[in-house]
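Report on one structure; see the data block that follows.
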Amino acid sequence: MTQAEFDKQMAEIKERNPNLFQFIADFVDRKVSTEEVEDFLKMGRSDQVDYIKNYKARA
Numbered sequence: 463m464t465q466a467e468f469d470k471q472m473a474e475i476k477e478r479n480p481n482l483f484q485f486i487a488d489f490v491d492r493k494v495s496t497e498e499v500e501d502f503l504k505m506g507r508s509d510q511v512d513y514i515k516n517y518k519a520r521a
């Protein structure tokens, strides 16, 4: 994946699902730990959807 393709994908995520984008951005900025991501990935689909729906940016 080129940088341009990555940027386009991230822009689409930001537009369609800003909470998911924020979760990803917070992970990249090390505001979300790898353990938290692992816990998220262990959740069932409906729990993941609820988690992202209710996600708030980290300071």
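Quick note: the sequence shown uses the numbering used here, first residue 463, plus one each step. Using N, Cα and C, we set each Cβ at its ideal position, and we do this for glycine too.
What does the alpha-carbon distance come out to for the pair residue i and residue j?
i: Lys470; j: Phe485; result: 17 Å
i: Ser508; j: Asp501; result: 14 Å
Following the continuous alpha helix (DSSP H) through residue i, name the residue where it begins and the one where it ends.
i: Tyr513; result: Arg507 to Lys515
i: Arg478; result: Gln465 to Arg478
i: Asp501; result: Thr496 to Lys504
Under 8 Å Cβ to Cβ from residue i, same chain only, skipping five residues before and after it: list those, please.
i: Val499; result: Phe489
Quick one: residues in its chain with C-beta nearer than 6 Å to the C-beta of residue i, no 5 flanking neighbours on either side, listed in chain order?
i: Lys493; result: Arg520
With a cut-off of 8 Å on the beta carbons, I'd call residue i and residue j a contact; round off their distance for me.
i: Tyr513; j: Met505; result: 7 Å
i: Phe483; j: Ile475; result: 5 Å
Could you pull out every residue in the same chain whose Cβ sits closer than 7 Å to the Cβ of residue i, ignoring the five residues on either side in sequence?
i: Lys515; result: Asn481
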